[in-house]
Amino acid sequence: MWVDLLVEELRGQHPGPHTVNDAKTPSGPVPVGSLRGVIMHDCVTRGLRESGAAAEFLYGFDDYDPMDGLPPGLPQYARYMGMPFANIPSPDGKAPSYGHYFAAEFAGVFERLGAHPRIYRTSEMYRSGAFDAAIRLALDHVEVIREIYREVTHSTRIDDHWWPIQVLCEQCGRIGTTTVVSWSGGEVEYLCAPDKVAWAEGCGHRGRRPPFGGGAKLLYRVEWPAKWSVLGVTVEGAGKDHMTRGGTHDVARAVSVRVFGRPAPFAFPYEFLLFGGKKMSTSKAVGVTAAEILEVLRPELARFLIVRPVPRRQLEFDPGGETIPALYDEYDRAAAAYFHEVENPDLARTFHYSRIAGEPVRCYRPRFAKVAYLLQMPSVDLGRAVAREKGAPLTEADREELEHRAVDARRWLDAYAPAHYKFEIPASLPTTVAALTAPQRQYLARVAESVGARTWTGEELHAHLHDLKAEMNLSPREAFGAIYQVFLGKDSGPQAGWFLTALDRQFVLRRLREGAQDAA
Numbered sequence: 003m004w005v006d007l008l009v010e011e012l013r014g015q016h017p018g019p020h021t022v023n024d025a026k027t028p029s030g031p032v033p034v035g036s037l038r039g040v041i042m043h044d045c046v047t048r049g050l051r052e053s054g055a056a057a058e059f060l061y062g063f064d065d066y067d068p069m070d071g072l073p074p075g076l077p078q079y080a081r082y083m084g085m086p087f088a089n090i091p092s093p094d095g096k097a098p099s100y101g102h103y104f105a106a107e108f109a110g111v112f113e114r115l116g117a118h119p120r121i122y123r124t125s126e127m128y129r130s131g132a133f134d135a136a137i138r139l140a141l142d143h144v145e146v147i148r149e150i151y152r153e154v155t156h157s158t159r160i161d162d163h164w165w166p167i168q169v170l171c172e173q174c175g176r177i178g179t180t181t182v183v184s185w186s187g188g189e190v191e192y193l194c195a196p197d198k199v200a201w202a203e204g205c206g207h208r209g210r211r212p213p214f215g216g217g218a219k220l221l222y223r224v225e226w227p228a229k230w231s232v233l234g235v236t237v238e239g240a241g242k243d244h245m246t247r248g249g250t251h252d253v254a255r256a257v258s259v260r261v262f263g264r265p266a267p268f269a270f271p272y273e274f275l276l277f278g279g280k281k282m283s284t285s286k287a288v289g290v291t292a293a294e295i296l297e298v299l300r301p302e303l304a305r306f307l308i309v310r311p312v313p314r315r316q317l318e319f320d321p322g323g324e325t326i327p328a329l330y331d332e333y334d335r336a337a338a339a340y341f342h343e344v345e346n347p348d349l350a351r352t353f354h355y356s357r358i359a360g361e362p363v364r365c366y367r368p369r370f371a372k373v374a375y376l377l378q379m380p381s382v383d384l385g386r387a388v389a390r391e392k393g394a395p396l397t398e399a400d401r402e403e404l405e406h407r408a409v410d411a412r413r414w415l416d417a418y419a420p421a422h423y424k425f426e427i428p429a430s431l432p433t434t435v436a437a438l439t440a441p442q443r444q445y446l447a448r449v450a451e452s453v454g455a456r457t458w459t460g461e462e463l464h465a466h467l468h469d470l471k472a473e474m475n476l477s478p479r480e481a482f483g484a485i486y487q488v489f490l491g492k493d494s495g496p497q498a499g500w501f502l503t504a505l506d507r508q509f510v511l512r513r514l515r516e517g518a519q520d521a522a
C-alpha cells in the first residue's frame, strides 16, 4: 500500500522525529481536490507514528497572500483586490477575516474526515515576527535568490531591481501591488504601483518601512522554504504542477539549501483530483467544493476515495456517473479484506487508513446500488429486506451502517444518479407490455409459476431466472427485459431476482400473470 511504502522509504532516509506539513491559500470556497493533499499528509503522519517515529502534522493557511481574483458571487469585494486575505472582512461579518472564514470552513471539512493537524496562519507568523529572520536572510541574500531563479526557471524577468518580498502599503493596505526599490538593512523603500498587476490597482504611495512584524511577506517560492526552516518541516508533498522540472519546488529546494542552510524536506508528488476532466480550482470555482462533498458522501467514503489511489495516479470524481456505486463496492471489498473475509493486504491497509477515528465495527454491508433501488419501492421495508438478504436479524451495527447507506443513497438519487438507476413502479400494467413477444410472455408465465411455488431468496431467484432463460433459449435482453417492462415499463432495472423478492409476493404474481396473459 502506498502509505506504507512511502513511510518505509522516508524512515530509511530520516528516522525522525518528523514534522509533516501541508498548506492552502484560503482564497474562497476550497474545492474538494484540495482534500487530497490534507488526507495524504494525514495518512503519512499516521503511518510514521505506527512505525514508531514521532510525527506532528501541521496545516497552514496562507492568509497573508493577496486577493488576486474576484471571488464568485462577491462582486462587492473588488475594492479589496490586492489586500491580504487576513485583512479583508469576512463574508458573514462574524469571522475575524475573509481568510479566517474560508480557512475555518475547510478545516471543518477535513476534521470530519479524520484529519486533525495543528493549524497555523501565515498572517499570525508574519505579525508575530516568526518570519523576521527569514525575511532578513532573503533580503541580505537577494543576489543568490536572483541567481537561483535565473538558473532554475531560466526567467529573463529577474533583473537587478527584483526583490523576493511584497510590502504592505501603509496607505492603501495592499500587498500585491508594491515593488521594493531598495533595502537599507533595516527598512525597505517601496512603491505601491498603479500598474504592477492587472488584477489590482496600487495607490501610488511611495514610502519606507521595516519589512518585519507583518510589514511585508515573502514571495511564495521563498516563503515555502522559509516555512520549512521556521517550522522544522521534514516531510511535504506537492501537486505535480509544483514538482515539474524548473518549477516551484525546484526553486524552493535551492533557496532552502543556499539561503536558509538546510536540506529540503522529503517530498512526494501527487496528481490532481479532477472533476469532469478539469482540475478543481478555487479561483475559477470549478467542481464540487470540499464542504459539498460531505453532502454526497459520508466521511469514511470521502476519505476512502482519496486514500485508495497511489499519489501519482490522477483521481477523477464525478458524482453524476457510476462513481459512487462503484466507490461503495470498492469500499466494501476493502472492508471485507480488513475483517479477513477475503485475502487482500493492500485493500485491507487502504481501509485501515480510511478510518475516521477508532476501530471500525464489523457489520453487514448491503450493496449501495441495491439500497438505492430498494428505497424507490414504496411498499418495501428497507430493514426487513436487508435482514432477509442477510439471512439473520440486523445487529445495532448493521442498522447504523444501513442508515448511513440509505442517507447517502437518497442524496445520490435526488441529485446525481443517472436515469437508469431511477425507476417508479407504475400502479397499472405499462402499455409498453403490448410489444412483448410470445416467448417473452411464456417466460413471464414460467416465472410466475416459480414465484408461486415457494419462497426464494434474491440470489436464489436470480439464478433460477437465468436457468429459465437458458432453458427457453432466450437472450438476457429478451428474458429480463420482459420482467422490467412488466414492472417498470423500461428495458433495464435492478438485479431481477432480489428486485422481485423485495416486492409484495401477491403483487409480483398478479403483475407477472397480467403480463403473461396472452401466452399460448
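Going by my numbering, the sequence shown opens with residue 3, and the numbers climb by one from there.
The beta carbon of each residue, even a glycine, is placed where N, CA and C say it ideally should be.
For residue i, count neighbouring Cβ atoms within 10 angstroms of its own Cβ and tell me buried if that reaches 16, exposed if not.
{"i": "residue 510", "result": "buried"}
{"i": "residue 64", "result": "buried"}
{"i": "residue 125", "result": "buried"}
{"i": "residue 442", "result": "buried"}
{"i": "residue 529", "result": "One cannot answer for residue 529 here, as it falls past the ends of the chain, which runs 3 to 522."}
{"i": "residue 239", "result": "buried"}
{"i": "residue 44", "result": "buried"}
{"i": "residue 487", "result": "buried"}
{"i": "residue 102", "result": "buried"}
Taking 7 Å as the CB-CB cut-off, is residue i touching chain D?
{"i": "residue 497", "result": "Among the chains in the structure shown there is no chain D, since it carries only a single protein chain."}
Could you tell me the distance, in whole angstroms, from the CA atom of residue i to the CA atom of residue j?
{"i": "residue 33", "j": "residue 10", "result": "31 Å"}
{"i": "residue 99", "j": "residue 87", "result": "7 Å"}
{"i": "residue 309", "j": "residue 248", "result": "29 Å"}
{"i": "residue 465", "j": "residue 499", "result": "8 Å"}
{"i": "residue 326", "j": "residue 364", "result": "22 Å"}
{"i": "residue 436", "j": "residue 334", "result": "41 Å"}
{"i": "residue 516", "j": "residue 421", "result": "27 Å"}
{"i": "residue 96", "j": "residue 75", "result": "18 Å"}
{"i": "residue 70", "j": "residue 367", "result": "47 Å"}
{"i": "residue 153", "j": "residue 159", "result": "12 Å"}
{"i": "residue 321", "j": "residue 419", "result": "8 Å"}
{"i": "residue 6", "j": "residue 241", "result": "20 Å"}
{"i": "residue 357", "j": "residue 144", "result": "46 Å"}
{"i": "residue 104", "j": "residue 494", "result": "44 Å"}
For residue i versus residue j, is the C-beta distance shorter than 7 Å?
{"i": "residue 57", "j": "residue 20", "result": "yes"}
{"i": "residue 273", "j": "residue 223", "result": "no"}
{"i": "residue 506", "j": "residue 381", "result": "yes"}
{"i": "residue 305", "j": "residue 115", "result": "yes"}
{"i": "residue 448", "j": "residue 463", "result": "no"}
{"i": "residue 445", "j": "residue 472", "result": "no"}
{"i": "residue 337", "j": "residue 344", "result": "no"}
{"i": "residue 192", "j": "residue 179", "result": "no"}
{"i": "residue 201", "j": "residue 141", "result": "no"}
{"i": "residue 387", "j": "residue 395", "result": "no"}
{"i": "residue 340", "j": "residue 328", "result": "no"}
Could you spell out where the beta strand (DSSP E) holding residue i opens and where it closes?
{"i": "residue 543", "result": "Because residue 543 is not part of the residues shown, which for the chain are 3 to 522, the question remains open."}
{"i": "residue 59", "result": "57-63"}
{"i": "residue 191", "result": "190-194"}
{"i": "residue 168", "result": "167-169"}
{"i": "residue 199", "result": "No beta strand (DSSP E) holds residue 199; DSSP gives it neither H nor E."}
{"i": "residue 164", "result": "Note, residue 164: premise wrong, no beta strand (DSSP E); not H, not E."}
{"i": "residue 208", "result": "208-211"}
{"i": "residue 26", "result": "20-26"}
{"i": "residue 183", "result": "180-185"}
What are the boundary residues of the alpha helix (DSSP H) that residue i is part of?
{"i": "residue 406", "result": "398-417"}
{"i": "residue 469", "result": "460-473"}
{"i": "residue 135", "result": "134-142"}
{"i": "residue 250", "result": "250-260"}
{"i": "residue 109", "result": "100-114"}
{"i": "residue 452", "result": "440-455"}
{"i": "residue 38", "result": "37-52"}
{"i": "residue 125", "result": "124-130"}
{"i": "residue 231", "result": "222-233"}
{"i": "residue 503", "result": "498-504"}
{"i": "residue 375", "result": "370-377"}
Report all residues from its chain with a CB closer than 6 Å to the CB of residue i; omit the five preceding and five following residues, and keep chain order.
{"i": "residue 227", "result": "254, 257, 258, 262"}
{"i": "residue 61", "result": "24, 119, 121"}
{"i": "residue 414", "result": "326"}
{"i": "residue 392", "result": "366"}
Among the residues of its own chain, which have a CB less than 8 Å from the CB of residue i, if the five just before and after it don't count?
{"i": "residue 284", "result": "With a pLDDT of 48 at residue 284, under the threshold of 50, the modelled position of this residue cannot be trusted; read the value that follows with caution. Once the five neighbours on either side are set aside, the close Cβ partners of residue 284 are 27, 29, 30, 31, 32, 33, 36."}
I'd like the list of long-range same chain contacts for residue i, defined as Cβ closer than 7 Å, with 5 residues on each side in sequence excluded.
{"i": "residue 508", "result": "none"}
{"i": "residue 286", "result": "Its pLDDT being 48, under 50, residue 286 is placed unreliably in this model, and the value from its coordinates should be taken loosely. Same-chain partners within the cutoff: there are none."}
{"i": "residue 267", "result": "230, 235, 236, 237, 238"}
{"i": "residue 128", "result": "66, 216, 219"}
{"i": "residue 428", "result": "491"}
Is there at least one non-hydrogen atom of the ligand GDP closer than 6 Å to the beta-carbon of residue i?
{"i": "residue 491", "result": "Looking for the ligand GDP in the displayed structure turns up nothing, as the structure carries no ligands at all."}
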